[in-house]
Structures are given as structure tokens and as C-alpha cells.
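Novice: Let me give you the structure first, and then I'll get to my questions.
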Amino acid sequence: MSEKISPGMQQYLDIKKDYPDAFLLFRMGDFYELFYEDAVNAAQILELTLTSRNKNSENPIAMAGVPHHAVGEYIDKLINLGYKVAVADQMEDPKKAVGIVKRAVTQVITPGTATDVGSSVDNNFLVAIDKQGEKAENQFGLAYMDLSTGEFKVTELTDFSTVVGEIASLKAREVVVGFELTEQQSKILSKQMNLLISEQQNFPEHLQIKLSALTELENQVSSKLLAYVKRTQMRDLSHLQEVEHYEIKDYLQMDFATKSSLELTVNKREGKKHGTLYWLLDATKTAMGTRMLRSWIERPLISENAIFNRMEIVQILLDNFFERSDLIEALKGVYDLERLASRVSFGKAVPVDFLQLANSLSNVPAIRNILESLNDKNLSVLTKKLDDIPELSALINSAISDSAARTITEGGIIRTGYDEQLDRYREALQNGASWIAKLEADEKARTGISTLRIDYNRKDGYYFHITQSQLASVPEHFYRKATLKNSERFGSKELAEIEEIMLEAREKSSLLEYDLFMEVRAETEQYISRLQSLAKAVAEIDCLQSLSTVAEKYGYIRPTLTENSRVVNIKEGRHAVVEAVMGAQEYVPNDIDLPEQTNIQLITGPNMSGKSTYMRQFALTVIMAQIGSFVPAQQAELPIFDAIFTRIGASDNLISGESTFMVEMSEANRAIQHATKRSLIIFDELGRGTATYDGMALAQAIIEYVHDNIGAKTLFATHYHELTDLEVELSALSNVHVATLEKNGDVTFLHKITSGPADKSYGIHVAKIAGLPDKLLERADLILQKLENKPVLAKKSEVHEEQLSLFDFDENFSEIIEQLKTKNVDNMTAREALNFLWELKDLL
Ligand code: ADP
Ligand code: MG
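Here the sequence shown stands for residues 1 to 844, numbered as in UniProt numbering.
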């Protein structure tokens, strides 16, 4: 027998039906209640007490609630964990309702649309992806938006892995999908990238975006994103900027693996900013600047002009120390204009927000003056964009009181002189105050009660406060209002008259203030787009200021970048982040020299000598230069690269479930498929993930392929010493190694890159230092010599011939060789080395 459902519960179910994927918070009195599954799950996540409705019936309904005043915190928590929340509010006054109070969802909050979760200045991007029909198999549209700043951009991308990379680099938490995902795609997005997937297959006609600057697919995906946002937000979105097309090809291309292994904006250990390039370069003073700097790092430039312009300004600011420090001071007074603008648009702005706006605007002329005084044409482009919106300052300064608070219902918001009626109420209040003071003095004199005073509280209004001991002197025209323990409260006709005037003035004035404030808020809306443009200009100046502040701090120099050059010449270069962390004295600078005709540098050297650091140093220097930053070196000449590909270390790859070696090969493949002559490739110990010969063979073939078919500048660090012989056949390859110093049996890593291949017998040296017996070492030397007499590398011309069998003499001997090849001597303790030797001996 199905149980009868109450009308209230029916209303709940009707609403819930439209929001199956969200926690529905259902306003009932002072609480927001959750029911059924929602209640069970939320009780667990939010640590709420789980109760039930209809406890005694057969099927009690699970229920949990949060107090309405604390609902924000609970919503934040759910959003941060990646859930959606729908809020159903009461749409009429319960006291006046006939039957069930009308309720409706007033807002859906999702991870990608939350605008004020926490205090983070980071962007919160919501991404939408779409496809155009079945035929365009690999053509995707991608749009993204930050609701808290109004930024809205769109592009087309040509394969799903690029889409995944772009979503990852936007650090989106939610993706709106406009087409049927394949099972594989859905798995990647939801399981591996941990994204909340929201569907939006179509859009209402009135939200269709039809910009001629965009492709059909771009218009379509933007429309779907807009439709999704409108559907969930149900509030004013006037701050949304017009959608703007961008092209990933306009920037230095780096896939997600590259950005993550170079630790550009988040470190690998904890996913935080510390120890990253972003951390190093960030001396910004405004929230807009901080956000923009991050996007600069995610998207370095490739246009010589654009880079040159940034560097010119960095240079000017570096050369003018006093102006820069004044600029920094002025920037400190500029609040988060983008967020303030969006709060105005959402109708969420409170009085202090306006004070912050006015304060920010008041700093703009100072910024402009400083920049104008530097009298430079690159700067003047920026200076022109510094619109201090005097109309808005005037409005706020005349309307909002300096001491305005956060609340908008308590009065004290509007400045005296702004509105005549309000001033009249205030005068009445003020007069009332002096009337009261006079009445108090008069009654004191008349009654002779020295402790008589007039007080006010909400319950009793104005009253005469008389202590117990003075009761006898109370005059006749007083009447009792309340009796307390040690005192009594009295009223009088005169006091009541004053009170009436004052209470009326007080109530009317706060109502009026509220209305006036709403008017100011509405009027401010028309300045939103000007505020957003101003925010951009300020952000840009802040970023440039930051780059020159950091350049000065660490003694960076201005690099020379040339679009069509093929020459890399860095003198005394340093790894910017490692140097900042370990200190400049400790860091050993290195030259990086790849002349016109050298494309590939093969780097050999023992473990821990500095191969990886050297290669990363180069990649970071390139990125910094293309951002427009100065670089850590004595001198630097660089081409402008179009892309950086890396294969570095074991990366925790997005496409998890693949073996390390598979990841290694996929990343190598990306480089090989997409790199051009103008790209930079960094391969660190490629081939390590498989058996020795397998790995070495692939490494060699990859080097040859890059050499013959791509011609990209490539750094290749390897522990396959044999590969150094490639120098003979590959004209554009050169060997370098990391120098070590051996003195009195101690090996010191000099971290110095030197030309030529590394010393082969290095491992045996280390074994000697570790104290292995001489006899053993002699034997190892002999074995090594034997090995070295064997041709290992296949000549390029031999590609299709059968490979020589290397060790066809003794089966055991080849086993010994294999062991020697694969064992990592560097990682052994002396004892392990000795045991290993005994094993070898046994085999013999
Ligand atoms: P490899 O890749 O050859 O194994 P790494 O590049 O990982 O070596 O460097 C190992 C350690 O040596 C680093 O953690 C760093 O502390 C130090 N190091 C590397 N290069 C330098 C340098 N140029 N100056 C000072 N220390 C360095
Ligand atoms: Mg290394």
C-alpha cells in the first residue's frame, strides 16, 4: 500500500525532479532541509544529524537540516567537494500564505559557477565543450567563462587530447558538455580529471550567440555555456563580457604534461604555488594582476613585437626605481575591481564594496601620472586605458558615507547632503537627541533626583531610569513603564511625544537609506564594462611591475629574442627557481650554446650531476623570455619557440592506468608528431622505462628521427653512454657532459656543463671510492674493456640489416653482461655491490 504523500512533500518531490543531480536545500522556517538520499549523503559529508519525518510510519523519510543563517558555509563545503547545490526558497510570506507556502529554486550553485567560495583570488573557470555533428570527428569547440570576473572566451581545437590539456590548464572543476561523450571520453573527464560533467545539449533561441568573428561551432558552444549559466544562476549577469575568440596557436604551446613537469604554476608535491615559476615571478600587488600573471605564464607569447613591448616596459620600470616604488604603493590601494564589478551585477555589493571601489578609483590618477612621467610610447598605450571613471567616483563619494558598514538594512550608509528627505529625518533625530538631553536636565533639576537619566531600549523605548532608593522623589506626571530589580522605568507625556517623532524618523530613514543604496547600486551597473577594462589595464601594469621587481631582486638581464633566428647562446645561465630556493652563491651557472647548425645536444653524466636541472633551466629561461620577463644569465640570445615538448621523469599522467613506459612513449610521440623546426624538445632519460637494449634502440631511433625529419632544438639527457657515438654520424648533434672532480678519492659534482661525452668508466670510479676490493675493480675494468670492444650502436646505414649478435660465446657470460648493464651501481651500498659481485662470480 503506497503511503499518502503530504502536499508539502509533493511540492518537494516536484522541485527535486528537476534537479536530480544536485543537493536540494529546501527552505522551511529557519532551516534549509534535505530529504531522502540527499539527507543521508549530506548528513555524512556535512556531519549533520540525520533524523526522519513521519517517524512512526512504515516508511519514514530521512531528513537533515542546516540553519538558514549558516547555509553559506555548508554550500561552500559541498561545492569545494565538487557537488552541485540547488536552493529552494519561500516565494511568499508564510504568514500570508494560503495553504502550502510557494517555493521555487532561486539558484543552482555548481563548482564551476561558484563566485565566492573562499577568499581565493584565483580564477574559477567553467568550461563548455561541443562538437559539430558526427562528421567532424576531431573538431571541438571549447568555451570558458569565469562568473566572478566576467571573462568569456572561445576557441576551436583539433583533437580530444588538446581539449583535455586546455581544460587541465584552465584548472576547471566542471565541464558543460554539449554532445554525446564516448565512454572513453567520459571516463577521462570524470574519473581521471575528476571533473563534474554537466549536460547542455541545446539552448533557447534568445540566448543564441551569433558573432561574425566566431565560427559556427564557436557560436554554438558559447551559446550552450551561456544557456547553462543562465539556467543555474537565475540572476543578473550584466557583467559577463562579450565572448572573445582565442587561438592556442597564438601562444607558446605546451601540453599539460609539460606545464606540470616544469612546475609552472603548481608544484608536483602538493599541487600548490610554492616553488613554481608563478611563485617566483609573482610580486603583483593586485588580485587582477595575480590572476593575469598566471595566465601569462600559462600562455607565453610568440610574437616578437608583443614580447618586445612587454620587455620595453619592464626595462623602463627597472631603470626608474623611484617611480616603480610609487607605482607599487598606488597599486596596493586598488582592490579586486573585477570581483567588485561582478558583485554589483549580482546585486550582492554591500556598502563597503562601494568604498573599496571609490578608493580603488582614487588611486588611478596617481598610477597614470607616474606612468606619464616616464614619457614612453609603449607605456602611453597602457596609460590611455587607465580610465578612473570620475562619474562613478563622484556618485560614490557623494552618496556613500565613509563609515558605512557591511549591512544594508541598518542605516548609516548614505552620506549627509545626498538626499534632502533623509537629511530631514536625520535632523529630527538629532533634534530629538538634544530635546531629550534638555528634558533630562530639566527633570533632574525639578525632582532633585541626581541619578535620574533617560535611556532607550527596544522593548521599553525611551524611559526615565530611577533607582530604588530615589523612588520616593518620583513626581506625579511620571508613569511606570517597567520594574527591575534595583530600579524602575518611567515614562512621561513629554517624553512620549519626543519618542514618537524619533522612532518614526529612525524607521523611515533606514528604509529610505536602503532605497537610496539600491539606486546607487543600480546606477553603478552602467559602469561595469568600464570597470572591467580598467581592471585589465591595471592588471597588465601590475604584471609588468612584478616582472621588473623580480628582475631586480635576482639580477636578471634582458634577453635578445629573434623570431627567425636559430641561435641559442646563453652565458652563465641559472635555473630561476632552483637558484631562488638554494641561494645564488650555491648555484653553478651554465652556458647553453646551440649555434645555428646544432639542433641536438646529448647530455651525459652521472646521476645527480645536474643534467635534468640544466635542461629545465633552459626550458624555464625560454618561457620567462617569451612571457616578456628578464632572465637569469649574464647574456642571452634566443630564438622564439613555437612550442615546448618535454618528456621528463615519471609523471603522474592524466591518462592513468597506462604503464610508465606507455606514458613515456605517448609523450615522445606528441613531440614527434607536433614539433616543428621552431620547437624545443626536452627528453630526459628517454627509454628508461623498458629493457636496456629496447630503450636504447628507441632512444637512438628517436634522436635520428628528430635530427633528420624535424630539426627542432632538442636537449637529450641520457644514461646510455653508447649514444654519444652518434655525434660522428649526426652532423647537427653535439655531445656535452656534466663535469665531475675527483680528488683524494672524493668525487665532487661540479654541476658544470662541458663539451664532449662523459667519462665512461665513471661507475667503476665510484665503486672504488665506495671501497670495493681492488681485485674486483680490476675485474670490472676488464669486463668493461671487453664490452667496449663490441660495436653496440647500429650505424644509420645498417637500419635494415640484421643486428650483430653481441654475446654469442657463453650463455652465462651474456647473463653477466646483462646484469652489469641493468644494475644501477650508483644506487648500491658497498655491501650490495659486494653481494652483486659474488652473484656474478657464481655465474662464472
Ligand atoms: P641528474 O639529472 O643528472 O641526475 P639533477 O639535475 O637532478 O641531476 O641534479 C641533482 C641535484 O644537483 C639537484 O637537486 C640540485 O640540488 C643539484 N644541482 C644540479 N644542478 C646544479 C647547479 N647548476 N648548481 C648547483 N646545484 C645543482
Ligand atoms: Mg635527471
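The beta-carbon is built from N, C-alpha and C at its ideal position, and this holds for glycine as well.
Helix, strand or coil: how does DSSP classify TYR144 here?
Specialist: For the purposes of this step, residue 144 is identified with residue 144 of the sequence shown, where counting begins at 1. Residue state, collapsed to three classes: strand.
Novice: Express the C-alpha separation of ARG27 and ASN123 in angstroms, rounding to a whole number.
Specialist: What you label residue 123 is simply residue 123 of the sequence shown in a count that begins at 1. What you label residue 27 is simply residue 27 of the sequence shown in a count that begins at 1. One C-alpha to the other measures close to 31 Å.
Novice: Beta-carbon separation of VAL87 and ILE129 under 9 Å?
Specialist: Taking the sequence shown and counting its residues from 1, one reaches residue 87 at position 87. Taking the sequence shown and counting its residues from 1, one reaches residue 129 at position 129. With a cutoff of 9 Å on beta-carbon distance, VAL87 and ILE129 are scored as not near each other.
Novice: Does PHE179 come out as helix, strand or coil in the three-state DSSP assignment?
Specialist: By one-based count along the sequence shown, residue 179 stands at place 179. Three-state DSSP puts PHE179 in coil, outside helix and strand.
Novice: For SER814, which of helix, strand or coil comes out of DSSP?
Specialist: Position 814 of the sequence shown, counted from the first residue, corresponds to residue 814. Residue state, collapsed to three classes: helix.
Novice: Hey, would you say ILE498 sits closer than 9 Å to TYR456, going by beta carbons?
Specialist: For the purposes of this step, residue 498 is taken as the residue at position 498 of the sequence shown. For the purposes of this step, residue 456 is taken as the residue at position 456 of the sequence shown. The criterion of a C-beta distance shorter than 9 Å is not satisfied by ILE498 and TYR456.
Novice: Express the C-alpha separation of GLU742 and THR829 in angstroms, rounding to a whole number.
Specialist: Numbered from 1 along the sequence shown, position 829 holds the residue referred to as residue 829. Numbered from 1 along the sequence shown, position 742 holds the residue referred to as residue 742. Cα-Cα distance, rounded: 19 Å.
Novice: Mind reading off the beta-carbon distance from ILE592 to GLY605? Whole number of angstroms is fine, and I expect it under 8 Å.
Specialist: Taking the first residue of the sequence shown as position 1, residue 592 is located at position 592. Taking the first residue of the sequence shown as position 1, residue 605 is located at position 605. Their Cβ separation, rounded to whole angstroms, is 15 Å, which puts ILE592 and GLY605 out of contact at 8 Å.
Novice: With 16 as the cutoff for other CB atoms within 10 Å, does PHE322 come out buried or exposed?
Specialist: The residue you call residue 322 lines up with position 322 of the sequence shown. Under this definition PHE322 is an exposed residue.
Novice: Is THR613 near the ligand ADP, with its Cβ less than 8 Å from a heavy atom?
Specialist: Position 613 of the sequence shown holds residue 613. For THR613, the distance from the CB to the nearest heavy atom of the ligand ADP is below 8 Å.
Novice: For a test of the three-state rule: what should DSSP assign to SER487, helix, strand or coil?
Specialist: Within the sequence shown, the letter at position 487 stands for residue 487. If DSSP states are grouped into helix, strand and coil, SER487 belongs with the strands.
Novice: Which residue comes first and which comes last in the beta strand (DSSP E) that contains VAL631?
Specialist: For this step, residue 631 is matched to residue 631 along the sequence shown. From DSSP, VAL631 is part of no beta strand (DSSP E); its letter is neither H nor E.
Novice: In the DSSP assignment, find the alpha helix (DSSP H) that holds MET234 and state where it starts and stops.
Specialist: Residue numbering aside, residue 234 sits at position 234 when the sequence shown is read from its first letter. Premise fails: MET234 is in no alpha helix (DSSP H) and is neither H nor E.
Novice: At a cut-off of 8 Å, would you count ALA717 as near the ligand ADP, judging by its Cβ distance to the nearest heavy atom?
Specialist: Position 717 of the sequence shown holds residue 717. The answer is yes for ALA717.
Novice: Work out the CA separation of GLN107 and ILE209 for me, nearest whole Å.
Specialist: Working through the sequence shown from its first residue, we reach residue 209 at position 209. Working through the sequence shown from its first residue, we reach residue 107 at position 107. Approximately 23 Å between the Cα atoms of the pair.
Novice: Per DSSP, what kind of secondary structure is THR560 in: helix, strand or coil?
Specialist: For the purposes of this step, residue 560 is taken as the residue at position 560 of the sequence shown. Correct three-state label for THR560: strand.
Novice: Quick check on TYR335: does DSSP put it in helix, strand or coil?
Specialist: Here residue 335 is taken as the residue at index 335 of the sequence shown, counted from 1. Correct three-state label for TYR335: coil.
Novice: If I measure Cβ to Cβ from GLN526 and keep anything under 6 Å in the same chain, skipping five residues before and after, which residues do I get?
Specialist: Indexing the sequence shown from 1 puts residue 526 at position 526. Closer than 6 Å at the Cβ level, and outside the excluded window around GLN526, lies no residue.
Novice: What three-state label does DSSP hand ALA758 in the structure shown?
Specialist: On the sequence shown, residue 758 is found 758 positions in, with the first residue counted as 1. Looking at ALA758 - three-state DSSP - the assignment turns out to be coil, as it is neither helix nor strand.
Novice: Pick out whichever of GLY271, MET193, ALA505 and ASP387 has its Cα sitting closest to the Cα of SER533.
Specialist: By 1-based counting over the sequence shown, the position of residue 533 is 533. Closest option to SER533, Cα to Cα, is ASP387.
Novice: From which residue to which residue does the beta strand (DSSP E) around TYR32 run?
Specialist: Locating residue 32 in the sequence shown gives position 32, where the first residue counts as 1. Run containing TYR32: 31-35, per the beta strand (DSSP E) assignment.
Novice: Could you pull out every residue in the same chain whose Cβ sits closer than 6 Å to the Cβ of LEU495, ignoring the five residues on either side in sequence?
Specialist: Residue numbering aside, residue 495 sits at position 495 when the sequence shown is read from its first letter. Only TYR462 meet the Cβ criterion.
Novice: The ligand ADP heavy atoms versus the CB of HIS575: any closer than 8 Å?
Specialist: In the sequence shown, the residue the question calls residue 575 occupies position 575. Within the cutoff, so yes.
Novice: Given that a residue counts as buried once 16 or more other Cβ atoms are within 10 Å of its Cβ, and exposed if not, what is TYR12?
Specialist: Position 12 of the sequence shown, counted from the first residue, corresponds to residue 12. By the neighbour-count definition (other C-beta atoms within 10 Å, threshold 16), TYR12 is a buried residue.
Novice: Taking only the alpha-carbon atoms, compute the straight-line gap between LYS95 and GLY65 and give it to the nearest angstrom.
Specialist: As a working note, residue 95 is residue 95 in the sequence shown. As a working note, residue 65 is residue 65 in the sequence shown. Rounded to whole angstroms, LYS95 to GLY65 spans 22 Å at the Cα level.
Novice: State yes or no: is the C-beta of VAL738 nearer than 8 Å to some heavy atom of the ligand ZN?
Specialist: By its list of ligands, the structure shown excludes the ligand ZN, since it contains just the ligand ADP and the ligand MG.
Novice: Checking 9 Å against the spacing of the C-beta atoms, do residue 845 and ALA739 come in under that value?
Specialist: Absent from the structure is residue 845, since the part of the chain shown begins at 1 and ends at 844.
Novice: Cα separation between GLU218 and LEU252?
Specialist: By one-based count along the sequence shown, residue 218 stands at place 218. By one-based count along the sequence shown, residue 252 stands at place 252. About 22 Å.
Novice: If we count the other Cβ atoms within 10 Å of its Cβ and call it buried at 16 or more, is TYR74 buried or exposed?
Specialist: The residue you call residue 74 lines up with position 74 of the sequence shown. Buried is the call here.
Novice: Are the region 239-250 and the region 144-161 touching, with three or more C-beta to C-beta distances below 8 Å?
Specialist: yes
Novice: Which complete beta strand (DSSP E) runs does the region 459-537 hold, if anything under 3 residues is left out?
Specialist: Fully enclosed beta strand (DSSP E) runs of 3 or longer: 461-467, 479-483 and 487-491.
Novice: Give me the residue from GLU519, LEU452 and ILE501 with the minimum Cα distance to SER487.
Specialist: Within the sequence shown, numbered from 1, the residue matching residue 487 stands at position 487. Considering only alpha carbons, the answer is LEU452.
Novice: Hey, would you say the C-beta of PRO606 is under 8 Å away from at least one heavy atom of the ligand ADP?
Specialist: The residue you call residue 606 lines up with position 606 of the sequence shown. Yes; taking the cut-off as 8 Å, the Cβ of PRO606 has a heavy atom of the ligand ADP nearer than that.
Novice: Can you tell me where the beta strand (DSSP E) holding HIS737 begins and where it ends?
Specialist: As a first step, residue 737 is located in the sequence shown; it is residue number 737 there, counting from the start. 733-743 is the extent of the beta strand (DSSP E) around HIS737.
Novice: Between ILE710 and the rest of its own chain, which residues show a CB-CB distance below 6 Å, the 5 nearest in sequence each way excluded?
Specialist: Along the sequence shown, read from residue 1 onward, the residue named residue 710 stands at position 710. ALA675, listed in sequence order.
Novice: Please find out if some non-hydrogen atom of the ligand MG comes closer than 8 Å to the beta-carbon of ASP826.
Specialist: Taking the sequence shown and counting its residues from 1, one reaches residue 826 at position 826. ASP826: no, Cβ never under 8 Å from the ligand MG.
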